[in-house]
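Chemist: Take this structure first; my questions come after.
Numbering (the working numbering), first residue to last: 285 to 610.
So this is what it looks like as structure tokens:
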């Protein structure tokens, strides 16, 4: 495959961090580029490789990157990894000569962004969140264009060329807009989808089953729950629903989210950019619990955007208790 790509050349190189908030929009754009006859490729790090099955038909290149944490030694180690990633990405771009690089943020996109500058490759940045991210702020000065998901995105560097495009959403999710909301009545099934984000969310594993346990038996018998959680929480969450006699599927990753979302009545989730965008596109109501320690508190800003148009109820982590949720 790579040999063929060398002969024909790569049209567009995508660069994205290793979480779903960055990778899912990159995947949506990659699929659209393929549909239009282009040949996208992806640059990411080891964490991003978890999403490789979603990038069917896309060549993926893994480069080193690092996140500053753990004091002086941690910062130095991260810097070394970033420099190593810059050299690797620069060699990659000189070899394949992409027409453009599109960065989706997250620290793994930094080496690719710097390499684009070093090789004279046009760089476009996309910001998924309602607060402009740190990596994108570092690269904004050398980007030719910055695409935003929200008109009132905060902390966008002044004087840069911007365009509001929204957040790329998978075609399977977009298709749900034209389908009716699942039938719901006083005695019908109620399907609840719990999404902890690509990294899972322990607070959802703790609070949601506890809240469900307070409901009357008649309502428990009507529930169908799909919950995504961390690997270490899998057994206890699954066992708790079994004890309650609630129909539940518990998993670490939901690989058929569009199909499950189609039949969902209510979503309980974090407020990452991809989650908020896909819920809005699908027209599914949600209870959003923003990650309290998210960088620049961007999840609270994302949740506020959805709540402002009546699409969600927002509960801070400090407010998110079994009693409050029930």
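Don't be surprised by glycine CBs; every beta carbon is placed ideally from N, CA and C. On a predicted model such as this, the values are computed, not experimentally measured, just so you know.
#1: Under three-state DSSP, which class holds residue 308?
#2: How would you write the range of the alpha helix (DSSP H) that residue 543 sits in, first residue to last?
#3: Quick check on residue 302 - is its C-beta less than 8 Å from some C-beta in chain C?
#4: Under 8 Å between the Cβ atoms of residue 549 and residue 454?
#5: Just mark residue 536 as buried or exposed, buried being the case when its beta carbon has 16 or more other beta carbons within 10 Å.
#6: Note down the Cα distance separating residue 595 from residue 568, rounded to an integer number of angstroms.
#7: For residue 489, does the count of other Cβ atoms within 10 angstroms reach 16, so buried, or fall short, so exposed?
#8: How about residue 563 and residue 570: are their beta carbons less than 8 Å apart?
#9: Pick out whichever of 544, 427 and 377 has its Cα sitting closest to the Cα of residue 443.
#10: From residue 412 to residue 520, what does the alpha carbon distance come to, in whole angstroms?
#11: What three-state label does DSSP hand residue 599 in the structure shown?
#12: May I ask you to verify whether the segment 303-323 touches the segment 332-339, counting CB pairs closer than 8 Å and requiring at least 3?
#13: I'd like the span of the beta strand (DSSP E) that includes residue 590, first residue to last.
#14: Under a three-way DSSP split, which group does residue 324 fall into?
#15: Nearest by alpha-carbon distance to residue 592: which of 529, 414, 465 and 506 is it?
#16: So, helix, strand or coil for residue 536, using DSSP?
#17: Where does residue 419 fall in DSSP's three states?
#18: Taking all protein chains shown into account, decide if residue 291 is buried (16 or more other Cβ within 10 angstroms of its Cβ) or exposed.
#19: Answer with buried or exposed for residue 328, where buried requires no fewer than 16 other C-beta atoms within 10 angstroms of its C-beta.
#20: Can you list, in chain order, the residues of its chain whose CB lies under 6 Å from that of residue 400, leaving out five sequence neighbours each side?
#21: Is the segment 444-451 in contact with the segment 517-534, if contact means three or more CB pairs nearer than 8 Å?
#22: Hey, quick one: how far does the beta strand (DSSP E) through residue 475 stretch, first residue to last?
#23: Grab me the residues of residue 431's own chain with a C-beta within less than 8 Å of its C-beta, minus the 5 sequence neighbours each way, in chain order.
#24: Threshold first: 4 residues or longer. Then list the alpha helix (DSSP H) segments lying entirely within the segment 432-520, N to C.
#25: Kindly identify the DSSP beta-bridge partner or partners of residue 549.
#26: So what does DSSP say about residue 343, is it helix, strand or coil?
#27: Could you tell me the alpha carbon to alpha carbon distance between residue 499 and residue 572, rounded to whole angstroms?
#28: Just tell me which of 350, 325, 578 and 346 has its CA closest to the CA of residue 340.
#29: Nearest to residue 396 by CA position, among 318, 367 and 581, is which residue?
#30: In or out: residue 511 buried (at least 16 other Cβ within 10 Å) or exposed?
#31: Helix, strand or coil: which one does DSSP assign to residue 426?
Modeler: The answer reads as follows:
#1: Here residue 308 corresponds to residue number 24 of the chain shown, with the count starting at 1. Note: residue 308 maps to helix in three-state DSSP.
#2: Here residue 543 refers to the residue found at position 259 when the chain shown is read from its first residue. 541-546 is the span of the alpha helix (DSSP H), which, as asked, contains residue 543.
#3: Protein chains in the displayed structure number just one, and chain C is not present.
#4: The sequence position of residue 549 within the chain shown is 265, counting from 1. The sequence position of residue 454 within the chain shown is 170, counting from 1. Their beta carbons are not under 8 Å apart, which means residue 549 does not touch residue 454 by this criterion.
#5: Along the chain shown, one-based indexing puts residue 536 at 252. It counts as exposed.
#6: As a working note, residue 595 is residue 311 in the chain shown. As a working note, residue 568 is residue 284 in the chain shown. Taking the straight line from one Cα to the other gives about 7 Å.
#7: As a first step, residue 489 is located in the chain shown; it is residue number 205 there, counting from the start. Counting Cβ neighbours within 10 Å, residue 489 comes out buried, since at least 16 surround it.
#8: Here residue 563 refers to the residue found at position 279 when the chain shown is read from its first residue. Here residue 570 refers to the residue found at position 286 when the chain shown is read from its first residue. Yes, Cβ-Cβ distance for residue 563 and residue 570 is below 8 Å.
#9: If you number the chain shown from 1, residue 443 lands on position 159. Comparing alpha carbon positions, the residue from 544, 427 and 377 closest to residue 443 is 427.
#10: Counting from one through the chain shown, the residue named residue 412 turns up at place 128. Counting from one through the chain shown, the residue named residue 520 turns up at place 236. Going from the Cα of residue 412 to the Cα of residue 520 covers about 33 Å.
#11: Against the chain shown, residue 599 aligns to sequence position 315. Residue 599: coil per DSSP, three-state reduction.
#12: yes
#13: Here residue 590 corresponds to residue number 306 of the chain shown, with the count starting at 1. Careful: residue 590 lies outside any beta strand (DSSP E), inside the alpha helix (DSSP H) at 582-592.
#14: Translated into the one-based positions of the chain shown, residue 324 becomes position 40. Three-state DSSP puts residue 324 in a strand.
#15: Numbered from 1 along the chain shown, position 308 holds the residue referred to as residue 592. When only C-alpha atoms are compared, the closest one is 414.
#16: Indexing the chain shown from 1 puts residue 536 at position 252. Here residue 536 sits in coil by DSSP.
#17: Looking up residue 419 in the chain shown gives position 135. Residue 419 falls in the helix class under three-state DSSP.
#18: Residue numbering aside, residue 291 sits at position 7 when the chain shown is read from its first letter. Bear in mind that the predicted position of residue 291 carries a pLDDT of just 36, short of 50, making it unreliable; the figure below should be weighed with that in mind. When all chains shown are included, residue 291 counts as exposed.
#19: Locating residue 328 in the chain shown gives position 44, counting from the first residue. Buried.
#20: Position 116 of the chain shown, counting from 1, holds the residue named residue 400. Contacts found: 385 and 407.
#21: Three or more Cβ pairs closer than 8 Å define a contact, and the segment 444-451 falls short of that threshold against the segment 517-534.
#22: For this step, residue 475 is matched to residue 191 along the chain shown. Residue 475 -> beta strand (DSSP E) spans 474-479.
#23: Taking the first residue of the chain shown as 1, we reach residue 431 at position 147. Taken in chain order, the residues that qualify are 408, 409, 410, 411, 446, 447, 448 and 449.
#24: 455-458, 486-496 and 501-504
#25: Walking along the chain shown from the start, residue 549 turns up at place 265. Answer is none; residue 549 lacks a bridge partner.
#26: Position 59 of the chain shown, counted from the first residue, corresponds to residue 343. Strand at residue 343.
#27: As a first step, residue 499 must be located in the chain shown, where it is residue number 215. As a first step, residue 572 must be located in the chain shown, where it is residue number 288. Each residue's Cα considered, the two are about 20 Å apart.
#28: Reading the chain shown from its first residue, position 56 is the one you call residue 340. Comparing Cα-Cα distances from residue 340 to each of 350, 325, 578 and 346, the minimum goes to 325.
#29: For the purposes of this step, residue 396 is taken as residue 112 along the chain shown, with counting starting at 1. Closest option to residue 396, Cα to Cα, is 367.
#30: Reading the chain shown from its first residue, position 227 is the one you call residue 511. Result: buried.
#31: The residue you call residue 426 lines up with position 142 of the chain shown. Correct three-state label for residue 426: helix.
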